[in-house]
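Q:
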Amino acid sequence: MRVLLVEDDQHIGTMLVEGLSHEGFYVDWVKDGYSAINSILEKDYDLVLLDIMLPKMDGLRVCKRIREIRDIPIIMLTAKGQ
Numbered sequence: 014m015r016v017l018l019v020e021d022d023q024h025i026g027t028m029l030v031e032g033l034s035h036e037g038f039y040v041d042w043v044k045d046g047y048s049a050i051n052s053i054l055e056k057d058y059d060l061v062l063l064d065i066m067l068p069k070m071d072g073l074r075v076c077k078r079i080r081e082i083r084d085i086p087i088i089m090l091t092a093k094g095q
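Okay, here's the thing in structure tokens:
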């Protein structure tokens, strides 16, 4: 299964990549919304793990754009308390 991880935090991203890879997932990691959209256009993914708080383009806008391009499962990640 190929996963696109969209996470700008180095520590969180590293932990997720290591954990998912250990479980047998193929993970591509990008750190902003524009890179995520480019990756979606270039490759086929089975799942997107998408942070809500991203630089340049927030995760909700990225989610909307991905939905316009492909029908792919998206799991939203957030560190927000509210």
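Numbering (the numbering used here), first residue to last: 14 to 95.
Ideal Cβ placement from N, Cα and C applies to all residues, glycine included.
Below 8 Å CB to CB, which residues in the same chain sit around Tyr47 once its five sequence neighbours on both sides are set aside?
A: Only Lys69, Met70 meet the Cβ criterion.
Q: Curious, which full-length beta strand (DSSP E) runs of at least 3 residues does the stretch 22-77 contain?
A: List check, beta strand (DSSP E) in window: 39-43, 60-64.
Q: In the structure shown, what three-state DSSP assignment does Ile79 receive?
A: Three-state DSSP puts Ile79 in a helix.
Q: From Phe38, Asp21, Ala49, pick the residue whose C-alpha is nearest to that of Arg15; which is it?
A: Ranking the options by Cα distance to Arg15, first place goes to Phe38.
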